[in-house]
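The numbering used here numbers the first residue of the sequence shown as 244 and each following residue consecutively.
Glycine residues also receive a C-beta, built at the ideal position from the N, C-alpha and C atoms.
Working notes for the structure below.
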Amino acid sequence: MTSRVLCVSDDESFASRVSAPLEYSYPGVSVLSVTDVADGVEVIENEHVDAVVTDARTIASAPRLLAAVRDRRPELSLLVLSMQSVDSDRLTAVAEVVDFLDASRAVDDPALADWVANSVVDDVTSGPSATGDGPPLTGGTNGIEETSAAIKRQLVDATRPGEVETAVCDQIVLTDSYEFAWIGEFDRGEGQVVPWGTATSGDEWPRSRTFPAGNGAEGVLAQVLAERTPIFLEDVEGYDSFVPWREEAIARGCRSIAFVPLQTEDELFGVFAVYSTHSGGFDAGERSALLDVAETTARVLEGMAIRGRIDQQERILRRHERLVETVGDGMYALDADGHFMTVNDALCSMTGYAREGLLGEHIEMILTSDSSAFWHAAVESLQDVESTSQSLELTVQPKRGDPFPCENKVGLLPSDEAGRSRGTVGVLRDITERKKRERELQRQNERLDAFASIVSHDLRNPLSVAQGYLELVEESADDQESVERVDEALARMNEMIDDVLALARGGQSATDAAPVQLATVVDAAWSNVDTGQAHLSIEADVLINADESRLLRMLENLFRNAIEHGGDAASAIARADDPEASSDDQSMNPLSVRVGELEQPDPSMVGFYVEDDGSGIPPDVRDSVFESNFTTSSDGHGIGLWVVSEVADAHGWTPTATVGSEGGARFEFTNVERAD
């Protein structure tokens, strides 16, 4: 049974000097300290205490304390401590003449705790004798058993490493012959022991150190942690391997050191070390007590680690909960049968149901019949192929109002230990606006296609008639030059119609893509263009996925652009502007066009280029060549390269205008899908 001692003094330091050693040395004694006499009197009158300790000054200034004990609780032991001078020596006296303590012992001497304990405890285990012959300076085996019990009591409420340091290291060094104690954490990644809790009974020891204990390290720490067994060094100076703080220990008279692993069944946290000045080393009782302290400390550290992990998981969970509740999409979790287990606010808002109205209900409640079938099929396919998630479009039927389209990304929850499904999770996104834009775009494309067809039909017919009459005029006309110019104008109008059609249809996604041999399409495009004396070199024999008709039109425009701006046409214009130019200049240097393959980092993709050795593209306009109405020709309509860009975009390719290997124009196309 625990005995209770009331310490009453208006001197706070007096109360701590009495209570601390008493509680350290006697686990069977608890101390209540008060600094207000009125509070002390109230405790005496209304609570259970076995003894009252005070000082002479408090008794002199507050006689009601003495009256409360003698008049109302005469059975209590009252010890009044005072300093007395006897033959020039300062002594501490215990009132009612229990004994005099030697002058070398101050009020905070552990012996005082023994006197108090003797007055309230009939049998203090391993404690002082109650015969009146005077207490020993320590209890039991260096007092470690009592200290161990006190450490356990303090560790019960420890929640931070600093509290563990105070409860363990600070109390260990209060025990006789223990000079230094420390706790170190084992950092597996670094292979080091990092001391974080230390205490010393005398001069300060160096603190900022770490010690090798892993990755092939040698020494007592490495052995303790590798074997997970305690080591008690009885001869510090004679030990022939590494010992932490060896020099400091020897300089301070330490003869032996205990190293005990801090471990539980599941984890190894580090090491607990105690340095002793006792010449006999650690006896069986001390070893048992230190092992007990280490085990208790490890349990406390394990509890802290578990609480830390739980706190971290709770923080992550709270962040996820905030994310789920603040996101604009509807989110849900269903059990294995498809009933709502969790829903967020956005889903409630989308469907018009309260949270309580959805929880426990089947997901079919918010879906149309067709969408319910789609959803079940998607979940079954996920279970069959063990995919992580799948996206599908569903129609949600709200509590009130019209159904609306949603994109649903659904995934499976992890199965239980028996392999049974735990259910599904999903995200619902309202795509009403997206569907509206898609319909508008579809109508726009249909109108554009109709417009292109009308342009093609309504313009080509008059052009065909004009060309027919031109052939008749050509047979009898004297002015053949004028006839040729009309013929060129009509041919140009035909080309413009082709470009307009290609532009109208080229911007649409290439849904008819199929494997095509690039070299074959290049040959076909070259033969469709009046290339004059220009020369074609094909160095790209690769199979790609493309819409062949659009690719053909794109290559025709590129070849026509090369001829017009770097080949025969360009040379003719140059000769017209320069009378001294030779008519054989072009024939001497015919234009060369080359089509080749580009290397891509992704093996499933390919790139290709079209370049010539003509005059090239000026640097200040390279970024503008794919824009509408861009041209450097006086008679061009400026949509040829725009068509090239639109066809590339429709395929998802990236077009780039740059400088060729011989200074001419070069057009590169990347992100082209390689065909199998």
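Residue nearest to ILE781 within the set ALA589, LEU798, GLU681 is LEU798 (criterion: CA-CA distance). Counting along the chain, the unbroken alpha helix (DSSP H) around LYS395 starts and ends at 387-398. In the three-state reduction of the DSSP assignment, LYS678 falls in the helix class, which pools H, G and I. Taking 7 Å as the cut-off, the Cβ atoms of HIS582 and HIS605 count as close.
Non-local C-beta neighbours of ILE493 in its own chain, meaning closer than 7 Å and more than five positions away in sequence, comprise VAL479, GLU480, ordered along the chain. The three-state reading of DSSP puts ASN771 in coil, since its state is none of H, G, I, E or B. In this structure, the CA atom of ASP483 is about 14 Å from the CA atom of ALA465. The straight-line gap separating the alpha-carbon atoms of ARG403 and GLY440 is approximately 11 Å. Here THR897 is exposed, its C-beta having fewer than 16 other C-beta atoms within 10 Å.
Distance check between ARG307 and each of LEU656, GLU288, SER320 places GLU288 closest, using alpha-carbon atoms only.
Comparing C-alpha distances from ASP919 to each of GLY903, GLU854, MET848, GLU870 shows the shortest one belongs to MET848. The residue among LEU884, PRO449, PRO861 with its C-alpha nearest the C-alpha of GLU870 is LEU884.
About 14 Å separates the CB atoms of ALA469 and GLN435; that is not less than 8 Å, and the two are not in contact.
Nearest C-alpha to ALA541 among LEU625, VAL514, THR520: VAL514. By the C-beta density criterion, GLN776 is exposed, having fewer than 16 other C-beta atoms within 10 angstroms.
Residue pairing by DSSP places TYR852 opposite GLY839, GLU911 in a beta bridge. Cα atoms of ALA410 and ALA527: separation of roughly 23 Å, rounded to the nearest angstrom. Non-local beta-carbon contacts of HIS521 in its own chain, meaning distances under 6 Å to residues more than five positions away in sequence, involve SER420 in chain order.
GLY903 and ILE806 have their C-alpha atoms roughly 15 Å apart. In this structure, THR297 is the residue among GLY405, THR297, LEU265, ASP645 with its C-alpha nearest to the C-alpha of CYS250. Unbroken alpha helix (DSSP H) stretches of 4 residues or longer found wholly inside the region 278-312: 280-289, 299-304, 306-310, given in chain order. Note on GLU389: 16 or more other CB atoms within 10 angstroms of its CB, so buried under the neighbour-count rule.
Judged by beta-carbon spacing, ALA789 lies within the 7 Å limit of VAL759, meaning their Cβ atoms are closer than that value. With contacts defined as CB atoms closer than 7 Å, LEU321 and VAL312 qualify as a contacting pair.
Under the 10 Å beta carbon count, ILE860 is surrounded by 16 or more other beta carbons and is classified as buried.
Taking all protein chains in view, the Cβ of ARG837 is crowded by 16 or more other Cβ atoms within 10 Å, so the residue is classified as buried.
7 Å or more divides the Cβ of LEU533 from the Cβ of PHE512. DSSP lists VAL295 as the bridge partner or partners of LEU321. Exclusion of the five residues before and after ASP856 leaves SER835, GLU905, GLY907 as the residues of its chain whose Cβ lies within less than 6 Å of its Cβ. When DSSP assignments are scanned along the region 434-459, the uninterrupted stretches of beta strand (DSSP E) that are 3 or more residues long and fall wholly within it turn out to be 435-443. Nearest to VAL295 by C-alpha distance, out of GLY271, SER304, LEU324, is LEU324. LEU801 is a Cβ neighbour of VAL853, given a cutoff of 7 Å. The alpha-carbon of GLY595 is positioned some 16 Å away from that of GLY603. Between SER276 and ALA303, the C-beta gap is not smaller than 7 Å, which leaves the two residues out of contact.
A distance of 7 Å or more separates the beta carbons of THR899 and GLU916. Distance from the Cα of GLY850 is smallest, within the candidate group VAL517, THR301, GLY895, for GLY895.
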